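To keep things clear, I will list the structure first and then write my remarks on it.
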């Protein structure tokens with residue numbers, strides 16, 4: 001019974017992590033856009049994320065998506 | 076061969092045996108047929124599905140000899156129908172690909188009518204086997220059969236409507252663009268079914284539109300001004316489909332509209348990728364904002380859509396997220 005509960009909790013955590021990553025990926029892709037620079041509100045959201053528990057995940061994803069957006073520019 | 080199950084001596088034997096059967100003569104046909112058919116009653120699902128596959132392979136070589144028997148069994152053995160339909164699917168698969176399906180043509184009429192009689196099965200598995208057979212059979216003579224599919228989109232039976240829509244989905248994926256005019260009519264018939272009284276019909280209709288959007292750009296472009304509003308309407312949560320279920324001390328929500336809303340968001344992604352030059356971006360963004368606040372699967376899809384939007388419409392993407400950071404709710408575990 002505990003085992004079942006544990007695996008259900010584990011599954012829930014994995015799902016949550018998947019969602020967090022997919023969201024951070026979208027935010028990071030947005031943040032690479034030049035259109036964002038003049039947008040103070042958006043910069044506020046990014047600050048919130050950078051000050052949250054997701055900060056280190058966000059930094060990693062930021063680097064990954066940077067490569068992707070650079071590749072787009074040169075193509 | 077995906078249909079080949081994991082190791083089981085009996086199913087291995089059947090698989091081995093069927094790999095020889097289409098073009099070789101294995102004893103008298105009746106004996107082999109009866110042996111294979113006897114496995115339809117086996118306790119193991121693996122053996123049963125191997126036997127269905129084997130029977131299809133056996134019949135694919137010799138339609139005259141076996142197809143009438145299979146059709147007879149389908150009519151007389153309702154319990155074995157599911158397996159027999161899989162055998163039939165194998166026959167149609169193999170025969171529709173060679174010599175303009177000339178071996179299949181003499182049987183097409185009868186197979187078609189038997190398939191139609193089985194459209195209304197309550198088993199979703201049976202209906203999906205029927206739909207795949209109907210779709211493949213349609214493509215051996217689209218001029219003749221596409222109009223029949225169209226006609227049956229307005230059947231009184233919801234199961235028939237669903238089966239015919241799924242069959243249409245197969246034809247969008249595999250049919251030649253030569254028949255675009257017919258595909259256009261079929262699409263026009265499917266669009267209103269995204270608001271069908273039956274939820275299964277709504278879901279499969281959106282899936283069919285998605286398949287058309289991926290595979291048949293010419294008719295889809297033509298009808299985009301009808302398709303977009305239909306998809307947009309399906310993106311919205313419908314409160315009347317949400318039920319509160321009580322289990323002991325717990326109460327939780329069951330959203331019967333979730334599956335078909337998910338299909339609608341899948342359409343949204345396809346439409347963005349393929350028709351971004353003609354969609355009105357602001358209406359589109361509104362749906363993405365809704366999606367970012369929806370359930371798990373839809374949030375994931377909406378994030379993907381948002382990433383695509385950054386590449387295609389950076390201004391709109393930034394502006395639509397500025398007044399309210401819809402994505403932040405996904406980060407706080409709401």
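Chains as they are written, first to last, in our numbering: chain B, 1 to 75; chain F, 76 to 409. For each residue, glycine too, the CB sits at the ideal point set by N, CA and C. Remember, it's a predicted structure, so these values are computed and weren't measured experimentally.
Checklist entry - Does DSSP classify residue 320 of chain F as helix, strand or coil? => result Your numbering for residue 320 of chain F matches position 245 in the second chain. Strand.
Next on the checklist: With a threshold of 6 Å on Cβ separation, who are the neighbours of residue 210 of chain F within its own chain once the five nearest residues in sequence on each side are excluded?
Outcome noted: Mapped onto the second chain, residue 210 of chain F falls at position 135. So the list reads 242, 245 and 246, once near-sequence residues are dropped.
Checklist entry - Which value, in whole angstroms, describes the spacing of the CA atoms of residue 207 of chain F and residue 38 of chain B? => result For this step, residue 207 of chain F is matched to residue 132 along the second chain. For this step, residue 38 of chain B is matched to residue 38 along the first chain. The straight-line gap from Cα to Cα measures roughly 53 Å.
Next on the checklist: Just to confirm before moving on: does the CB-CB distance between residue 312 of chain F and residue 332 of chain F stay below 8 Å?
Outcome noted: In the second chain, residue 312 of chain F corresponds to position 237, counting from 1. In the second chain, residue 332 of chain F corresponds to position 257, counting from 1. Going by C-beta atoms, residue 312 of chain F is nearer than 8 Å to residue 332 of chain F.
Checklist entry - Pick from F:318, F:297, F:230 and F:214: whose alpha carbon is nearest that of residue 195 of chain F? => result Position 120 of the second chain holds residue 195 of chain F. Of F:318, F:297, F:230 and F:214, the residue nearest in Cα terms is F:230.
Next on the checklist: Since residue 189 of chain F and residue 179 of chain F should fall inside the 8 Å C-beta cutoff, what is the C-beta to C-beta distance between them, to a whole number of angstroms?
Outcome noted: In the second chain, the residue the question calls residue 189 of chain F occupies position 114. In the second chain, the residue the question calls residue 179 of chain F occupies position 104. Not really, about 14 Å apart at Cβ, beyond 8 Å.
Next on the checklist: Going by C-alpha to C-alpha distance, which of F:133, F:268, F:135 and F:155 sits closest to residue 120 of chain F?
Outcome noted: For the purposes of this step, residue 120 of chain F is taken as residue 45 along the second chain, with counting starting at 1. Ranking F:133, F:268, F:135 and F:155 by Cα distance to residue 120 of chain F puts F:155 first.
Item to check | Among F:283, F:352 and F:392, nearest to residue 341 of chain F - alpha-carbon criterion | outcome: Taking the second chain and counting its residues from 1, one reaches residue 341 of chain F at position 266. It is F:283 whose Cα lies nearest to the Cα of residue 341 of chain F.
Checklist entry - Do the segment 319-327 of chain F and the segment 262-274 of chain F meet, that is, are 3 or more Cβ pairs less than 8 Å apart? => result By the C-beta criterion, the segment 319-327 of chain F is judged not to be in contact with the segment 262-274 of chain F, since fewer than 3 inter-stretch pairs fall below 8 Å.
Next on the checklist: Give me the chain B residues within the contact set of residue 370 of chain F, using Cβ-Cβ distance strictly less than 9 Å, ordered along the chain.
Outcome noted: Sequence index remark: in the second chain, residue 370 of chain F carries index 295 (1-based). Simply none; closest approach about 10 Å.
Checklist entry - Can you tell me whether DSSP reads residue 415 of chain F as helix, strand or coil? => result Since the first residue shown for chain F is 76 and the last is 409, residue 415 of chain F is missing from the structure and cannot be characterised.
Checklist entry - Whose C-beta lies closer than 7 Å to the C-beta of residue 360 of chain F among residues of the same chain, with five residues either side of it excluded? => result Counting from one through the second chain, the residue named residue 360 of chain F turns up at place 285. The answer, listed in chain order, is 391 and 395.
Next on the checklist: Could you tell me the alpha carbon to alpha carbon distance between residue 20 of chain B and residue 172 of chain F, rounded to whole angstroms?
Outcome noted: Numbered from 1 along the first chain, position 20 holds the residue referred to as residue 20 of chain B. Numbered from 1 along the second chain, position 97 holds the residue referred to as residue 172 of chain F. Their backbone Cα atoms lie some 46 Å apart in a straight line.
Next on the checklist: Alpha carbons only, please: which of F:255, F:191, F:201 and F:250 is nearest the one belonging to residue 227 of chain F?
Outcome noted: On the second chain, residue 227 of chain F is found 152 positions in, with the first residue counted as 1. Residue F:191 holds the alpha-carbon nearest to the alpha-carbon of residue 227 of chain F among F:255, F:191, F:201 and F:250.
Checklist entry - residue 62 of chain B touches chain F at which residues, Cβ-Cβ below 7 Å? => result For the purposes of this step, residue 62 of chain B is taken as the residue at position 62 of the first chain. Neighbours of residue 62 of chain B on chain F: none; closest Cβ ~14 Å, over 7 Å.
Item to check | Cβ-based neighbour list, residue 383 of chain F, same chain, cut-off 6 Å, excluding 5 preceding and 5 following | outcome: As a first step, residue 383 of chain F must be located in the second chain, where it is residue number 308. Cβ contact annotation for residue 383 of chain F (same chain, cutoff 6 Å, sequence separation greater than five): 347, in chain order.
Next on the checklist: Can you pull the chain B neighbours of residue 381 of chain F, defined as C-beta to C-beta under 8 Å?
Outcome noted: Counting from one through the second chain, the residue named residue 381 of chain F turns up at place 306. Here the neighbours are 26, 29 and 30.
Checklist entry - Which residue's Cα is closest to the Cα of residue 302 of chain F: F:170, F:281, F:318 and F:316? => result On the second chain, residue 302 of chain F is found 227 positions in, with the first residue counted as 1. Selected option, being the one with the closest Cα: F:281.
Checklist entry - Among F:381, F:113, F:405 and F:257, which one has its Cα closest to the Cα of residue 33 of chain B? => result To locate residue 33 of chain B, count along the first chain from 1; it is residue 33. Here the closest residue by C-alpha is F:381.
Item to check | Short CB-CB distance (under 8 Å) between residue 397 of chain F and chain B | outcome: Locating residue 397 of chain F in the second chain gives position 322, where the first residue counts as 1. So yes, residue 397 of chain F belongs to the interface.
Item to check | Under 8 Å from the C-beta of residue 12 of chain B: neighbouring residues of chain F | outcome: Mapped onto the first chain, residue 12 of chain B falls at position 12. Those within 8 Å of residue 12 of chain B in chain F number zero; the least Cβ separation is about 10 Å.
Checklist entry - Is there at least one Cβ from chain F nearer than 8 Å to residue 5 of chain B's Cβ? => result Position 5 of the first chain, counted from the first residue, corresponds to residue 5 of chain B. Chain F contact via Cβ: absent.
Checklist entry - Using a beta-carbon distance cut-off of less than 7 Å, what residues from the segment 133-160 of chain F approach chain B? => result Correct list: empty, as no residue qualifies.
Next on the checklist: Distance cutoff 8 Å, beta carbons only. Does residue 392 of chain F sit that close to anything in chain B?
Outcome noted: Position 317 of the second chain, counted from the start, is the residue given in the question as residue 392 of chain F. Interface residue, yes.
Next on the checklist: Once the 5 residues before and after residue 275 of chain F are set aside, which same chain residues still bring their CB inside 6 Å of it?
Outcome noted: On the second chain, position 200 is the one that residue 275 of chain F refers to. Same-chain partners within the cutoff: 237.
Next on the checklist: Quick check for students: name the residue ranges of the alpha helix (DSSP H) that lie wholly in the segment 189-257 of chain F, counting only runs of 4 or more.
Outcome noted: 199-213, 217-227 and 233-249
Checklist entry - Would you say residue 411 of chain F reaches chain B, if we count a Cβ-Cβ gap shorter than 8 Å as a contact? => result This structure leaves residue 411 of chain F out entirely; chain F is present only between 76 and 409.
Checklist entry - For the putative contact between residue 329 of chain F and residue 318 of chain F, defined by C-beta atoms under 8 Å, what is the C-beta separation to the nearest angstrom? => result Numbered from its first residue, the second chain carries residue 329 of chain F at position 254. Numbered from its first residue, the second chain carries residue 318 of chain F at position 243. The Cβ separation is near 5 Å, so the contact holds.
Checklist entry - Going by other Cβ atoms of all chains shown within 10 Å of its Cβ, with 16 needed for buried, is residue 157 of chain F buried or exposed? => result As a first step, residue 157 of chain F must be located in the second chain, where it is residue number 82. Residue 157 of chain F is buried by the Cβ-count criterion.
Next on the checklist: Let me confirm a value: residue 58 of chain B is counted as buried when at least 16 other C-beta atoms fall within 10 Å, else exposed. Which label applies?
Outcome noted: In the first chain, residue 58 of chain B corresponds to position 58, counting from 1. With 16 or more Cβ atoms within 10 Å of its Cβ, residue 58 of chain B is classed as buried.
Checklist entry - What do you get for residue 75 of chain B, buried or exposed, if any count of 16 or more other CB atoms within 10 angstroms of its CB means buried? => result Taking the first chain and counting its residues from 1, one reaches residue 75 of chain B at position 75. Residue placement at residue 75 of chain B is poorly supported in this model, since its pLDDT is 42, which falls under 50; the coordinates still yield a value, given next. Its Cβ having fewer than 16 others within 10 Å, residue 75 of chain B is exposed.
Next on the checklist: Restricting to Cα atoms, I'd like to know which of F:197, F:186 and F:124 is closest to residue 138 of chain F.
Outcome noted: Walking along the second chain from the start, residue 138 of chain F turns up at place 63. Considering only alpha carbons, the answer is F:186.
Item to check | Partners in chain B for residue 112 of chain F, counting only beta-carbon separations shorter than 8 Å | outcome: What you label residue 112 of chain F is simply residue 37 of the second chain in a count that begins at 1. Under the 8 Å cutoff, chain B gives no residues; its nearest Cβ is about 42 Å from residue 112 of chain F.
Checklist entry - Alpha carbon to alpha carbon, what distance is there between residue 403 of chain F and residue 53 of chain B? => result The residue labelled residue 53 of chain B in the question sits at position 53 within the first chain. The residue labelled residue 403 of chain F in the question sits at position 328 within the second chain. Cα to Cα, residue 53 of chain B sits roughly 13 Å from residue 403 of chain F.
Next on the checklist: Under 8 Å, Cβ to Cβ, is there at least one residue of chain F near residue 59 of chain B?
Outcome noted: For the purposes of this step, residue 59 of chain B is taken as the residue at position 59 of the first chain. By this cut-off, residue 59 of chain B is not an interface position.
Checklist entry - Around the Cβ of residue 254 of chain F, are there at least 16 other Cβ atoms within 10 angstroms (buried) or fewer (exposed)? => result For the purposes of this step, residue 254 of chain F is taken as residue 179 along the second chain, with counting starting at 1. Classification for residue 254 of chain F: buried.
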